[in-house]
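Trainee: Going by my numbering, the letters in the sequence shown line up with residues 174 to 617, in that order.
C-beta atoms are modelled at their ideal positions from N, C-alpha and C, and glycine is treated no differently.
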Amino acid sequence: MSSTIEQPRFTCALGAYESVVAIKRGVPILHSGPGCGGKVGQLIAQGEGYAGGSTAPCTNAEEQDVVFGGEKKLRSVIENSFKVIDGDLYVVITGCTAAITGDDIGAIVGEFQEEDKPIVYLEAGGFKSNNYVAHERLINAIVDQYVDKFAEDKEVEKGLVNVFASVPYQDPFWNGNLEGLKRILEGIGLKVNILFGEESEGVKEWLTIPKAEFNILVGPWVGLNAVKHLKRLYGTPYIQFPYLPVGAVETSRFLRQVAEFAGLDPEQSEKYIKKEEGKYYAHIDKMASFMLEFRYGIPRRVYTVADASTSIGFSKFLLNELGIIPGTQNIVDDIPEKFQEAVKKEYEDISNLGRQRDIEVRFDPDAGKAQEVIEEDAKNYPDKRILLLGSAWEKGLASKLKADLLIVSVPVQYRLIMNCGYTGYEGGLRTIEDIYDRVLATYR
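See the structure below:
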């Protein structure tokens, strides 16, 4: 791993405040310096949500707060937040200043919790971790401090599941991806708590977390601590699918695994899967002649600079459904070492034909170094058209290599994302459309 990080694709732990913004009527209260929230938003946010961006209350910690502490100021900001912002859940998140000075956040927030105010806290000094880790800790904090206290009914409800997948805003397509997952899971007969975004019922839905029959984790590591915590707390079992399912092959695989785990009627789930596959391949068939004639015009090799879940999901889809060979895969989400072998194994077994592939997988948050590696490797394939899956920061590299760039990670900059998602059957079709769109745009 590099000693310095160029172009990091994640933020400090304070970035968990964007996850609060993703909860309907969730209000983050930042106990941090005046510029911290803005820096996070500049990297990963598109839009401010209900109480994000400049709306988010902040103590704006200064030098005197470092010397004398900021507890009094925090108490005042919390009191006024309740008066000014009509929210369903308030989450105090600390920055580096509070972590250094040792402000007793738990005691301050506890005063309001004793009055049964809907408020929790997360101590997330930026230097302690990143926003991936803090996202997991936020989920646990809300469960421990709010859900466990106010959930009136914790009796297990047959068919109800909690889904933990994309990290809001860190995954720029989080809302569309979560909606896509909810749609297909409901298609096989489950009732889905998606928890974040427009398809969630907000805090009301969070209060039903203990009622879930089981939890579904989509991804190789982010959220694992959360589902394990829920298993310890409520005895809720969980199933893990280690990447975002994109396209027909992986979506059907995902649904069959979940259906088997849930003990669903296989005839019912297969009926839905066959229906969706039928629609999916009907769209492919309509364009089959064009896609066959144009097969030499699309990219033949794909490089990624993205998080592990996104990288694996797209690579499996592109290889097995479009025939695009994975080149060097650069995993830049600072994935803990104990999860890396499992990610490598997914790439070894990536082919649906049963052949193992020798794909170089790099784990390094230094995306600047990743660009150097891609440029060097691409020299070995001078006659092959290249597809880059990365962020807006790969635009210069794409131009240099005359490659097609599909932005799938932050920062996005060069595209507007409102409800776009790549999960499921519809996500596979959207991926095909986006790739061909970029290729065809280069023709005159």
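1. Between Phe285 and Ile292, what straight-line distance do the alpha-carbon atoms span, to the nearest angstrom?
2. Mind checking whether Ser626 and Tyr411 have CB atoms under 7 Å apart?
3. How far does the alpha helix (DSSP H) with Tyr305 in it reach, from first residue to last?
4. Pick from Thr270, Val475 and Glu423: whose alpha carbon is nearest that of Gly597?
5. Since Lys364 sits in a beta bridge, which residues does DSSP pair it with?
6. Is it right to say Ser484 is buried, meaning 16 or more other beta carbons lie within 10 angstroms of its own, or is it exposed?
7. Quick check: the Cα distance between Ala551 and Pro418, rounded to an integer number of angstroms?
8. On the three-state DSSP scale, how would you describe Ala515?
9. Does the Cβ of Leu526 have 16 or more other Cβ atoms within 10 Å, making it buried, or fewer, making it exposed?
10. Residues in its own chain within less than 8 Å of Thr615 by CB, not counting five upstream and five downstream?
11. May I have the straight-line CA-CA distance separating Leu570 from Met460, to the nearest angstrom?
12. Kindly list the residues whose CB is nearer than 7 Å to the CB of Ser254, restricted to its own chain and excluding five residues on each side of it in sequence; keep chain order.
13. If you draw a straight line from the C-alpha of Asn493 to the C-alpha of Ser524, how long is it?
14. Buried or exposed: Arg310, going by 16 or more other Cβ atoms within 10 Å of its Cβ?
15. Specify the secondary structure class of Leu495 as computed by DSSP and reduced to three states.
16. Since Thr267 contacts Ile217 with CB under 8 Å, what's their CB separation in whole angstroms?
17. DSSP three-state label for Ala435, please.
18. Starting from the C-beta of Leu574, find all residues in its chain whose C-beta is less than 6 Å away, skip the five residues before and the five after it, and write them out in chain order.
19. For Leu187, which of helix, strand or coil comes out of DSSP?
20. Would you check if there are 3 or more beta carbon pairs closer than 8 Å linking the stretch 185 to 195 to the stretch 206 to 213?
Mentor: Working from what's here:
1. As a working mapping, residue 285 is identified with position 112 in the sequence shown. As a working mapping, residue 292 is identified with position 119 in the sequence shown. Cα to Cα, Phe285 sits roughly 7 Å from Ile292.
2. Missing from the structure shown is residue 626; the chain here goes from 174 to 617 and no further.
3. Within the sequence shown, the letter at position 132 stands for residue 305. Segment Asn304 to Ile315, the alpha helix (DSSP H) holding Tyr305.
4. Taking the first residue of the sequence shown as position 1, residue 597 is located at position 424. Checked all of Thr270, Val475 and Glu423; the closest Cα to Gly597 is Glu423.
5. For the purposes of this step, residue 364 is identified with residue 191 of the sequence shown, where counting begins at 1. For Lys364, the beta-bridge partners assigned by DSSP are Leu333.
6. Translated into the one-based positions of the sequence shown, residue 484 becomes position 311. It counts as buried.
7. Numbered from its first residue, the sequence shown carries residue 551 at position 378. Numbered from its first residue, the sequence shown carries residue 418 at position 245. Ala551 and Pro418: Cα-Cα distance of roughly 27 Å.
8. Residue 515 sits at position 342 when you count from the first residue of the sequence shown. Helix, per DSSP.
9. As a position in the sequence shown, residue 526 is number 353, starting the count at 1. By the neighbour-count definition (other C-beta atoms within 10 Å, threshold 16), Leu526 is an exposed residue.
10. Stepping through the sequence shown from its first residue, residue 615 is reached at position 442. Counting only Cβ-Cβ distances below 8 Å, and skipping sequence neighbours, we find Asp577.
11. Walking along the sequence shown from the start, residue 570 turns up at place 397. Walking along the sequence shown from the start, residue 460 turns up at place 287. Rounded to whole angstroms, Leu570 to Met460 spans 31 Å at the Cα level.
12. Working through the sequence shown from its first residue, we reach residue 254 at position 81. Counting only residues of its own chain and dropping the five nearest sequence neighbours on each side, Ser254 has a CB closer than 7 Å to the CB of Val200, Ile202, Pro230 and Tyr263.
13. In the sequence shown, the residue the question calls residue 493 occupies position 320. In the sequence shown, the residue the question calls residue 524 occupies position 351. Going from the Cα of Asn493 to the Cα of Ser524 covers about 6 Å.
14. Numbered from 1 along the sequence shown, position 137 holds the residue referred to as residue 310. So Arg310 counts as buried.
15. In the sequence shown, the residue the question calls residue 495 occupies position 322. For Leu495, the secondary structure class from DSSP, reduced to helix, strand or coil, is helix.
16. In the sequence shown, counting from the first residue as 1, residue 267 sits at position 94. In the sequence shown, counting from the first residue as 1, residue 217 sits at position 44. Not a contact, Cβ separation roughly 19 Å.
17. Looking up residue 435 in the sequence shown gives position 262. In this structure, Ala435 counts as helix in the three-state DSSP scheme.
18. By one-based count along the sequence shown, residue 574 stands at place 401. Once the five neighbours on either side are set aside, the close Cβ partners of Leu574 are Ala551 and Ile559.
19. Residue 187 sits at position 14 when you count from the first residue of the sequence shown. Here Leu187 sits in helix by DSSP.
20. Yes, since at least three Cβ pairs between the stretch 185 to 195 and the stretch 206 to 213 fall closer than 8 Å, the two stretches touch.
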